[in-house]
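*Asks:*
Residue numbers (the numbering used here), protein chains in the order written: chain V, 343 to 690; chain G, 343 to 690.
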């Protein structure tokens, strides 16, 4: 790679003279010298290295984004929002990593970011309290956590170490169940992928709270499917299909309503139930959580719980950049209110 | 940012002594000195900067990927494939840019890559022959173009400047039309988004070639929808819905078959036709091109033309890394053979 020293050598001047040209300090310079340097820059195809300059100042204009899988349309939408805000508002580019929720992949990416001089990262993970995240912070990384917040924590006064921005998942689970009950469902279940993830747990707690408030039993209400290794979030719909079969096989009485932990799972469930001859929503009402742009395209279109994704992405990028700029802001937790989007997959 | 000089100063040793520790050259070192340096590294939270080292060697282990929109599930699948191959096979991270097919966004990203010292990029664009791509190459960028190849060019002997890896789009368009005709369709149309893009043009030419071979008229067979500015590829399904309305309004006789330029457009068309009371596939057969993982989830599931995406992604990354390593490989064009995936949206 051509660097400033090569230009200086080619033009027969000192490095600081070339630097003066690059920084527009040419008032005192002889025209001949200027011309010779410009010629050398052109001949050698020298491109001033912004990154090398940024490394000196400790400020590389890149953000990392760590998601389980970009194949999940909901994470694609998140990355899309973050990327455009980072670029348009701040001139930052984004480094993307798919981790399949694997610790090893997460660690690898954090180490690479640090060694590239990238000091800011937005994280979607099963838990932000894992050791490798804490280690990265101790090495100077700043971090904003997406959708990893427990509602409980938000109400406690315990010391918060990492910025966290989430939809209120407890409310999302509750809102979904409340809506099914309002529409006359009496026997509802919650369909989820297995695994102890904060946002999942909170959705389940909200769902159960709704049942309790309605005076219904909370026993055996959760139906779990297991993700294959390396499948991660990209094969959620396949797990939904498996769950649909379990629901049919294992229940003498079919449920009349299903809350799916996310839209991709809901779509898989609906697709398979339909194939098995169950009518949606006449026989079973189904509601998802995410409100993907694809939801309008399925038949029936999917009723879902939405988060204000664009507002959340803006706040994440704003806070991360402020931290990178050294602003003294205390880590905080932000909960965004979910809302219901009615479509055709719930019986009226 | 802490650098190696700070560590040296803190430990009271020379920079080269610290460098020896970082590179494992400690045989000759006094234990005390080693301990003091390790202590300083810990206290100062020093993380050896791989990027600074890489900049010196001209080799930053990052690739750029430039796509119109990650919201298009087909580009999400592409990025997912590229990212995992780059990371697992070569230890490269990826910088992602959504460009909405806007020249301005493409230019901006290329300039940022160059100034970050990132010299390799995989490009999805309406045309690789635009000036800003050529300029970037002249500045030392190496590039692989995805899906921008004309079949004609592949058969000519003209000088190829940029590596190009594509599905054979002419064959894809032909294969889709051939299948509809084989299934008994007599009146088929091609639905597309407006705009002069190489891969689009080739699909259309293949479609028309199939009609000609079957002795059918090629007049008024192309139905075009216009993308809104900044919508890019993320709102393809919406354009599909508009096209469905046009097809209904502007035709005394409805077509009995539709080839959609891609699956998202097909899904939009099917969704809206169904809403308008047209039965798919009984009244109209619909076939898409892409074979998205979502295709199985729609009702009816979508028949589509597939490309060997994973093989294509592997070849792109392999060639790009070889070029970055300075291997003298001539730019070439690679065409991958598409194949038919039968599902429910075409009448048997």
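Every residue, glycine too, gets a C-beta built ideally from N, C-alpha and C. Note that this is a predicted model, so its numbers are computed, not measured.
What residue range does the beta strand (DSSP E) around residue 682/V cover?
*Replies:* Where residue 682/V is concerned, the enclosing beta strand (DSSP E) stretches over 681-683.
*Asks:* So which residues of chain G does residue 616/V contact, with C-beta pairs closer than 9 Å?
*Replies:* Ordered by position in chain G, the residues that pass the 9 Å Cβ test against residue 616/V are 641.
*Asks:* From residue 353/G to residue 656/G, what distance separates their C-alpha atoms?
*Replies:* Cα to Cα, residue 353/G sits roughly 46 Å from residue 656/G.
*Asks:* Determine the extent of the beta strand (DSSP E) in which residue 619/G is found, giving its start and end residues.
*Replies:* Neither: residue 619/G is in no beta strand (DSSP E) and is coded neither H nor E.
*Asks:* Using a Cβ-Cβ cut-off of less than 9 Å, give me the residues of the segment 534-558 of chain G that come near chain V, in sequence order.
*Replies:* The segment 534-558 of chain G vs chain V, Cβ under 9 Å: nothing.
*Asks:* Our contact map puts residue 649/G next to residue 678/G with C-beta atoms below 8 Å; I'd like the distance itself, whole angstroms only.
*Replies:* Yes, residue 649/G and residue 678/G are in contact; Cβ-Cβ is about 6 Å, under 8 Å.
*Asks:* Any idea if residue 473/V is buried or exposed, counting beta-carbon neighbours within 10 angstroms, 16 or more meaning buried?
*Replies:* Per the 10 Å Cβ criterion, exposed.
*Asks:* Excluding the five sequence neighbours on either side, which residues of its own chain have a C-beta within less than 7 Å of the C-beta of residue 357/G, listed in chain order?
*Replies:* Taken in chain order, the residues that qualify are 346, 347 and 350.
*Asks:* If we call anything under 8 Å between Cβ atoms a contact, is residue 402/G one with residue 460/G?
*Replies:* Closer than 8 Å, so yes.
*Asks:* Taking the straight line between their C-alpha atoms, what separation do you get for residue 688/G and residue 605/G?
*Replies:* So the alpha carbons of these two residues sit roughly 14 Å apart.
*Asks:* Name, in chain order, the residues that DSSP records as bridge partners for residue 488/G.
*Replies:* Per DSSP, 507/G.
*Asks:* What three-state label does DSSP hand residue 467/G in the structure shown?
*Replies:* The answer is coil: DSSP assigns residue 467/G none of H, G, I, E or B.
*Asks:* Could you give the first and the last residue of the continuous beta strand (DSSP E) run that contains residue 645/G?
*Replies:* That run of the beta strand (DSSP E) goes 645-648.
*Asks:* Hey, out of 526/V, 478/V, 482/V and 602/V, whose CA is closest to residue 629/V's CA?
*Replies:* Nearest option by C-alpha distance: 602/V.
*Asks:* Report the three-state DSSP secondary structure of residue 411/G (helix, strand or coil).
*Replies:* Note: residue 411/G maps to coil in three-state DSSP.
*Asks:* Against chain V, with Cβ distances strictly below 8 Å, would residue 630/G count as a contact?
*Replies:* Not closer than 8 Å to any Cβ of chain V, the Cβ of residue 630/G fails to qualify, so no.
*Asks:* For residue 344/G, collect the residues of the same chain with a Cβ closer than 7 Å to its Cβ; drop the 5 residues on either side in sequence, then sort them by chain order.
*Replies:* Excluding positions up to five away in sequence, the list reads 386, 387 and 388.
*Asks:* Which first and last residues belong to the alpha helix (DSSP H) in which residue 533/V is found?
*Replies:* From DSSP, residue 533/V is part of no alpha helix (DSSP H) but of the beta strand (DSSP E) over 530-535.
*Asks:* Taking residue 425/G as the query, report the chain V residues whose CB atoms sit under 9 Å from its CB, ordered along the chain.
*Replies:* Per Cβ cutoff of 9 Å: 412, 438, 439 and 440.
*Asks:* Helix, strand or coil for residue 462/V per DSSP?
*Replies:* Correct three-state label for residue 462/V: strand.
*Asks:* Could you check the C-alpha separation between residue 566/V and residue 531/V for me, to the nearest Å?
*Replies:* Those two C-alpha atoms are separated by around 10 Å.
*Asks:* Can you tell me the Cβ-Cβ gap for residue 545/G and residue 511/G, rounded? I've got them flagged as a contact below 8 Å.
*Replies:* Between residue 511/G and residue 545/G the Cβ distance is about 5 Å, and since that is below 8 Å, they are a contact.
*Asks:* Do the segment 626-645 of chain G and the segment 605-615 of chain V make contact, defined as three or more Cβ pairs closer than 8 Å?
*Replies:* Segments in contact, yes.
*Asks:* Measure the C-alpha to C-alpha separation of residue 493/V and residue 505/V and round it to an integer number of angstroms.
*Replies:* Any reading at residue 493/V is ruled out, since the residue's pLDDT is 49, under 50, leaving its predicted position unreliable.
*Asks:* Tell me, to the nearest whole angstrom, how far the beta carbon of residue 441/G is from that of residue 447/G; I am working on the premise that it is less than 8 Å.
*Replies:* Confirmed, Cβ separation roughly 4 Å.
*Asks:* In the DSSP assignment, find the unbroken beta strand (DSSP E) run with residue 348/G in it and report its ends.
*Replies:* That residue, residue 348/G, is in no beta strand (DSSP E); its alpha helix (DSSP H) goes 346-353.
*Asks:* Compute the Euclidean distance between the alpha carbons of residue 496/V and residue 548/V, then round it to the nearest angstrom.
*Replies:* Confidence is the limiting factor: at residue 496/V the pLDDT is only 49, short of 50, which leaves the residue's position unreliable and the question unanswerable from this model.
*Asks:* With distances taken Cα to Cα, identify the nearest neighbour of residue 456/V among 585/V, 598/V and 405/V.
*Replies:* The option with the nearest alpha carbon to residue 456/V is 405/V.
*Asks:* Run through chain G and tell me which residues come within less than 7 Å of residue 609/V, C-beta to C-beta.
*Replies:* Per Cβ cutoff of 7 Å: 639.
*Asks:* Step through the CB atoms of chain G and report whether any lies within less than 8 Å of the CB of residue 480/V.
*Replies:* Closer than 8 Å to some Cβ of chain G, the Cβ of residue 480/V qualifies, so yes.
*Asks:* Give the DSSP bridge partners of residue 600/G, in chain order.
*Replies:* In DSSP, residue 600/G forms a bridge with 531/G and 628/G.
*Asks:* Pull up the distance between the alpha-carbon of residue 673/V and that of residue 502/V, whole angstroms please.
*Replies:* Going from the Cα of residue 673/V to the Cα of residue 502/V covers about 6 Å.
*Asks:* So with CB distances below 9 Å, who are the chain V contacts of residue 356/G?
*Replies:* Residues of chain V passing the Cβ test: none, with the nearest at roughly 21 Å.
*Asks:* What are the boundary residues of the beta strand (DSSP E) that includes residue 678/V?
*Replies:* From DSSP, the beta strand (DSSP E) with residue 678/V extends over 675-678.
*Asks:* Are residue 600/G and residue 533/G closer than 8 Å when you measure CB to CB?
*Replies:* Contact flag set, yes.
*Asks:* Under a three-way DSSP split, which group does residue 450/V fall into?
*Replies:* Residue 450/V: helix per DSSP, three-state reduction.
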